[in-house]
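Everything below concerns the one structure shown next.
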Amino acid sequence: MHSLEWSQWRQLGLRREFNLPYSEVLAGSAYPEGSAVFRALRLPEVTAAAAEYPILKRTKVKYNFIVDRWAEDVPQGFSVHLEFGSSMTDANRGMSIYSSVASGLDPPVNWDGQPTKEQFDAQDRLGEFRVWGSNSWEKGGD
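So, in structure tokens, the structure goes:
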């Protein structure tokens, strides 16, 4: 059984509504180059989703523990949730993609909440992205 307390699972998040073509969001400067959402928007799985669902409805990003029940270390980083749709005017078809990336800002901890490294040098860098999954939906007609 894991012993991390709920109070240790604090999260900070941002949600941004777009309802714009994905290509317009990429062409603009909605997120700083190299940031977690900037990079997530350019993942191969995301560009493939945008081919079928061309409207970026919203982005959600949280800074939290990235939990993988098979890993001994629990890093902190950014969880990015992207929501796409097929139309700007309705929500009949869409897709969500869930990804995360560890940051170099905070030390990883074990399941007891203790740092796993004696010395940790915080760095402003992101690790490799991991896509955790996706789901799509389509509302049926009469």
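In short: position in the sequence shown from 1, add 504, done, that's my numbering.
Even glycine gets a Cβ: it sits at the ideal position worked out from N, Cα and C.
Three-way DSSP call (helix, strand, coil) for residue i in this model
i    : result
V584 : strand
A626 : coil
P525 : strand
V550 : helix
Inter-residue Cα distance where the pair is residue i and residue j
i    : j    : result
H506 : D616 : Bear in mind that a pLDDT of 41 at H506, under 50, signals an unreliable position, so the number given afterwards is only what the model happens to contain. Straight-line Cα distance between these residues: approximately 7 Å.
G581 : R520 : 19 Å
S640 : M592 : 16 Å
L491 : E587 : The structure shown does not extend to residue 491, since the chain spans only 505 to 646, so no value can be given for it.
E509 : G644 : The predicted model places E509 with a pLDDT of 47, which falls under 50 and marks its position as unreliable, so this point remains unresolved.
F569 : S638 : 20 Å
V541 : E576 : 26 Å
R562 : P612 : 29 Å
Whole-angstrom C-beta distance between residue j and residue i, which should lie under 8 Å
i    : j    : result
L630 : R543 : 7 Å
N596 : I559 : Wrong, their Cβ atoms sit about 12 Å apart, outside the cutoff.
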